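Asker:
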Amino acid sequence: MVAFNWQSFHFFLLAVFFTFLSSAVISSSHGGIKLKLVHTHAVQRPNPATQLERLRQLVHGDTIRLRGVWEKLQSKYSSNRRGNLERDAYFPACTNSSGGKADRNASAELEMHSAADEGAGQYLVEFRVGSPAHRALLIADTGSDLTWTNCRFRCRRGGCKRDSLKRRVFRADQSSTFRTVPCSSSTCRDDLSSLFSLTRCILPRDPCAYDYRYADGSSAQGVFGNESVTLTLSNGRRTRLDDVLVGCSESSNGPTIQAADGVMGLGYSNHSFALRAATQFGGKFSYCLVNHLSPRNVTSYLVFGPHEQVHNISLNRRLRYTELVLGVITPFYAVNVKGISVGGSMLDIPAGTWDLSGTGGAIIDSGSSLTGLTRPAYGPVMGVLRRALVGFESLDLDIGPVEYCFNSTGFRESMVPRLVLHFIGGARFEPPVKSYVIDAAPGVKCLGFVQVPWPGACVIGNIMQQNHLWEFDLVKGRLGFAPSPCT
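Read in order, the letters of the sequence shown correspond to residues -23 to -1, 1 to 464 in mature numbering (1 follows the signal peptide of the UniProt record, and there is no 0).
#1: Since residue 36 and residue 378 should fall inside the 8 angstroms C-beta cutoff, what is the C-beta to C-beta distance between them, to a whole number of angstroms?
#2: Excluding the five sequence neighbours on either side, which residues of its own chain have a C-beta within less than 6 angstroms of the C-beta of residue 390, listed in chain order?
#3: Return helix, strand or coil for residue 356, following the three-state DSSP convention.
#4: Going along the chain, which residues of its own chain have a beta-carbon closer than 6 angstroms to the beta-carbon of residue 217, five neighbours each way excluded?
#5: Identify whether residue 342 lies in helix, strand or coil by the three-state DSSP scheme.
#6: So what does residue 13 bridge to, in DSSP terms?
#7: Closest by CA to residue 395, which one among 333, 318, 429 and 462?
#8: Measure the C-alpha to C-alpha separation of residue 123 and residue 240 and round it to an integer number of angstroms.
#9: Could you compute how far the alpha carbon of residue 186 sits from the alpha carbon of residue 360?
#10: Given a cut-off of 8 angstroms, decide if residue 369 and residue 400 are closer than it, judged by their beta-carbon atoms.
#11: Check this for me: beta carbons of residue 203 and residue 158, under 8 angstroms apart or not?
#12: According to DSSP, what are the bridge partners of residue 105?
#13: Let me check understanding here. Comparing Cα to Cα, which of 31, 434, 33 and 448 lies closest to residue 251?
#14: Measure the beta-carbon distance from residue 245 to residue 264 and round it to whole angstroms, keeping in mind my assumption that it falls under 8 angstroms.
#15: Is the distance from the Cβ of residue 351 to the Cβ of residue 419 below 8 angstroms?
#16: Between the C-alpha atoms of residue 167 and residue 422, what's the straight-line distance to the nearest angstrom?
#17: Rounded to whole angstroms, what's the CA-CA distance from residue 305 to residue 336? Just pull it up for me.
#18: With distances taken Cα to Cα, identify the nearest neighbour of residue 432 among 48, 27, 316 and 11.
#19: Where does residue 197 sit, in a helix, a strand or coil, going by DSSP?
#20: Please list, in chain order, all residues of the same chain as residue 330 whose beta carbon is under 7 angstroms from its beta carbon, the five residues on each side excluded.
#21: Where does residue 322 land, buried or exposed, given buried means 16+ other C-beta within 10 angstroms?
#22: How many Å lie between residue 102 and residue 224 at the Cα?
#23: What first and last residue would you give for the beta strand (DSSP E) that runs through residue 369?
#24: To the nearest angstrom, how far is the alpha carbon of residue 315 from that of residue 243?
#25: Report the rounded CA-to-CA distance for residue 257 versus residue 325, giving the unit in angstroms.
#26: Take the Cβ of residue 443 as the centre, count every other Cβ of all protein chains shown within 10 Å, and call the residue buried at 16 or more, exposed below.
#27: Suppose only complete runs of 4+ residues qualify. What are the alpha helix (DSSP H) ranges in the stretch 207 to 262, listed by chain order?
#28: I'd like to confirm the pairing. Which residues does DSSP put opposite residue 405 in its beta bridges?
#29: Going straight from the alpha carbon of residue 200 to that of residue 405, what length do you get?
#30: Just to confirm, is the Cβ distance from residue 459 to residue 296 under 8 angstroms?
#31: Let me confirm a value: residue 2 is counted as buried when at least 16 other C-beta atoms fall within 10 Å, else exposed. Which label applies?
#32: Please determine, among 386, 14, 32 and 120, the residue with the shortest C-alpha to C-alpha distance to residue 46.
#33: Taking the alpha-carbon positions, what's the residue 249 to residue 312 distance?
#34: Can you tell me the Cα-Cα spacing of residue 381 and residue 372, whole angstroms?
#35: Expressed to the nearest angstrom, what Euclidean distance is found between the alpha-carbon atoms of residue 109 and residue 155?
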């Protein structure tokens, strides 16, 4: 059995871009594509019994995902003993395939978790791969750069285990356009090493293989191939992308991935589906997320191409832009933050907290639900918001790292000072109060922040991003955002 590598776990996450289900595609005559996104809780069976249970599941997934983000950052920062101590304090040990300690809040919930619950993303998107086209529901994730699906290629009678979960399986062996990557090629040895290709190569023409291991013992093994992907336009026409790198996972199991058929990699790298599709449709992609508590028939969306060319996308104001920092914390999308203000006053947060060239910074992440702040930012933000809520009864709900919840009887959003994220260059992101004072249960709200280790990067989660359009311009290297109903 391959030993678990935290860095590899980062490539399978979910939590936001997010988890999505896309059944319809809308486009103008210019060829922009709009895919519907649905939160995993909308398709999870059984559904979370209560709103509080849902929040606990999301927080559990965040705990695993944020640890993966932190571990990825350590390849950028010089490790030190203090950093390791902070990691252990903020991220409880999780059970893996080798045994070990388990988080007490999480261990009782593992049996019923969806992919979102295990940190593997929050939204699902429909993906059609192969010839003839096969439909799969994939976890869409800005923190992953490999796209893979449950698959059969080398299996013969009795050669592969039967899928006990009865998931959709792509028959690559029956696709006329599936071409494996040879294990003897430089692509396998060098280019795909970051995607955890295996080095063994018995025969030169054998397929390049991979073996992924998740934190909770889930795993996916298969071979890399180049394949065709079909996208349907609103006018009924279809377009096809050829030679897209796809992982054919012949074996996948465990709670991390049981809610989906695979992962759509939307991170920034040469192998990412986001980069390939955005290049095909104008160098941009964008998404807009509705409230995760919205009814099932209210959907979010993912767009490839300029959003102006897609019908039915409305903005409440023009896009504001800030630099999108690419390639610094691959495959994540980083941003240059100047500071945070609350109630019109800038908080006393050291400038180094946001320094991407040092040991700080910030990323925007669709796969994390809550927003994670490192210690230098977490203390000031939580302090000023808690003081504004001092008149409400505080509650201990045992929601992992979520520290402050309160009885919201009599609460009005106007009681909370507005939080603003200031970017270098002058752009300001002003989330609605409901995106950081979040609903936990009827009559109960919580501050939607968790503390993450320092040194490290702050993480702007998908709840904070809700009800805004986010445009990732990979050509100009900029991030645009504006309030939107996202419907």
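By construction, the Cβ of each residue, glycine as well, lies at the ideal position given by its N, Cα and C atoms. These numbers were taken from a predicted model, which means no experiment stands behind them.
Answerer: Concretely, from the data shown:
#1: What you label residue 36 is simply residue 59 of the sequence shown in a count that begins at 1. What you label residue 378 is simply residue 401 of the sequence shown in a count that begins at 1. Residue 36 to residue 378, Cβ: 7 angstroms. Contact.
#2: The sequence position of residue 390 within the sequence shown is 413, counting from 1. 410.
#3: On the sequence shown, position 379 is the one that residue 356 refers to. Correct three-state label for residue 356: helix.
#4: Position 240 of the sequence shown, counted from the first residue, corresponds to residue 217. Cβ within range, chain order: 205 and 207.
#5: The count along the sequence shown starts at 1 and reaches residue 342 at position 365. In this structure, residue 342 counts as coil in the three-state DSSP scheme.
#6: What you label residue 13 is simply residue 36 of the sequence shown in a count that begins at 1. According to DSSP, which records beta bridges pairwise, residue 13 is partnered with 278.
#7: Within the sequence shown, residue 395 is the residue found at index 418, counting from 1. Checking every option, the nearest Cα to that of residue 395 belongs to 318.
#8: In the sequence shown, residue 123 corresponds to position 146, counting from 1. In the sequence shown, residue 240 corresponds to position 263, counting from 1. Rounded to whole angstroms, the gap between the alpha carbons of residue 123 and residue 240 is 7 angstroms.
#9: Counting from one through the sequence shown, the residue named residue 186 turns up at place 209. Counting from one through the sequence shown, the residue named residue 360 turns up at place 383. When rounded, the distance between both Cα atoms is 50 angstroms.
#10: If you number the sequence shown from 1, residue 400 lands on position 423. If you number the sequence shown from 1, residue 369 lands on position 392. No, the Cβ-Cβ distance between residue 400 and residue 369 is not below 8 angstroms.
#11: Within the sequence shown, the letter at position 226 stands for residue 203. Within the sequence shown, the letter at position 181 stands for residue 158. Going by C-beta atoms, residue 203 is nearer than 8 angstroms to residue 158.
#12: Within the sequence shown, numbered from 1, the residue matching residue 105 stands at position 128. DSSP output for residue 105 lists 112 as bridge partner(s).
#13: Numbered from its first residue, the sequence shown carries residue 251 at position 274. It is 448 whose Cα lies nearest to the Cα of residue 251.
#14: Working through the sequence shown from its first residue, we reach residue 245 at position 268. Working through the sequence shown from its first residue, we reach residue 264 at position 287. The pair is not a contact, with the Cβ atoms about 15 angstroms apart (cut-off 8 angstroms).
#15: Here residue 351 refers to the residue found at position 374 when the sequence shown is read from its first residue. Here residue 419 refers to the residue found at position 442 when the sequence shown is read from its first residue. No, they are not a contact pair.
#16: Stepping through the sequence shown from its first residue, residue 167 is reached at position 190. Stepping through the sequence shown from its first residue, residue 422 is reached at position 445. Approximately 49 angstroms between the Cα atoms of the pair.
#17: To locate residue 305, count along the sequence shown from 1; it is residue 328. To locate residue 336, count along the sequence shown from 1; it is residue 359. Computed Cα separation, rounded: 12 angstroms.
#18: Along the sequence shown, one-based indexing puts residue 432 at 455. Among 48, 27, 316 and 11, the Cα nearest to that of residue 432 is on 48.
#19: Taking the sequence shown and counting its residues from 1, the one referred to as residue 197 is at position 220. Three-state result, residue 197: strand.
#20: Here residue 330 corresponds to residue number 353 of the sequence shown, with the count starting at 1. Once the five neighbours on either side are set aside, the close Cβ partners of residue 330 are 337, 351, 353 and 354.
#21: Stepping through the sequence shown from its first residue, residue 322 is reached at position 345. Looking at its Cβ environment, which holds fewer than 16 other Cβ atoms inside 10 Å, residue 322 is exposed.
#22: Counted from its first residue, the sequence shown places residue 102 at position 125. Counted from its first residue, the sequence shown places residue 224 at position 247. Cα-Cα distance, rounded: 17 angstroms.
#23: Numbered from 1 along the sequence shown, position 392 holds the residue referred to as residue 369. Segment: none, residue 369 is in no beta strand (DSSP E) and carries neither H nor E.
#24: Along the sequence shown, read from residue 1 onward, the residue named residue 315 stands at position 338. Along the sequence shown, read from residue 1 onward, the residue named residue 243 stands at position 266. If I take the Cα positions, the gap works out to 26 angstroms.
#25: In the sequence shown, the residue the question calls residue 257 occupies position 280. In the sequence shown, the residue the question calls residue 325 occupies position 348. Each residue's alpha carbon lies about 44 angstroms from the other.
#26: As a position in the sequence shown, residue 443 is number 466, starting the count at 1. With 16 or more Cβ atoms within 10 Å of its Cβ, residue 443 is classed as buried.
#27: 250 to 257
#28: Stepping through the sequence shown from its first residue, residue 405 is reached at position 428. Paired residue(s): 399.
#29: Working through the sequence shown from its first residue, we reach residue 200 at position 223. Working through the sequence shown from its first residue, we reach residue 405 at position 428. Cα to Cα, residue 200 sits roughly 44 angstroms from residue 405.
#30: On the sequence shown, position 482 is the one that residue 459 refers to. On the sequence shown, position 319 is the one that residue 296 refers to. Yes; because the gap between Cβ atoms is below 8 angstroms, this pair is in contact.
#31: Start at 1 with the first residue of the sequence shown, and residue 2 comes out as number 25. The predicted model places residue 2 with a pLDDT of 36, which falls under 50 and marks its position as unreliable, so this point remains unresolved.
#32: The residue you call residue 46 lines up with position 69 of the sequence shown. Here the closest residue by C-alpha is 120.
#33: On the sequence shown, residue 249 is found 272 positions in, with the first residue counted as 1. On the sequence shown, residue 312 is found 335 positions in, with the first residue counted as 1. Those two C-alpha atoms are separated by around 19 angstroms.
#34: Translated into positions along the sequence shown, residue 381 becomes position 404. Translated into positions along the sequence shown, residue 372 becomes position 395. Distance between the alpha carbons of residue 381 and residue 372 is about 7 angstroms.
#35: On the sequence shown, residue 109 is found 132 positions in, with the first residue counted as 1. On the sequence shown, residue 155 is found 178 positions in, with the first residue counted as 1. The straight-line gap from Cα to Cα measures roughly 11 angstroms.
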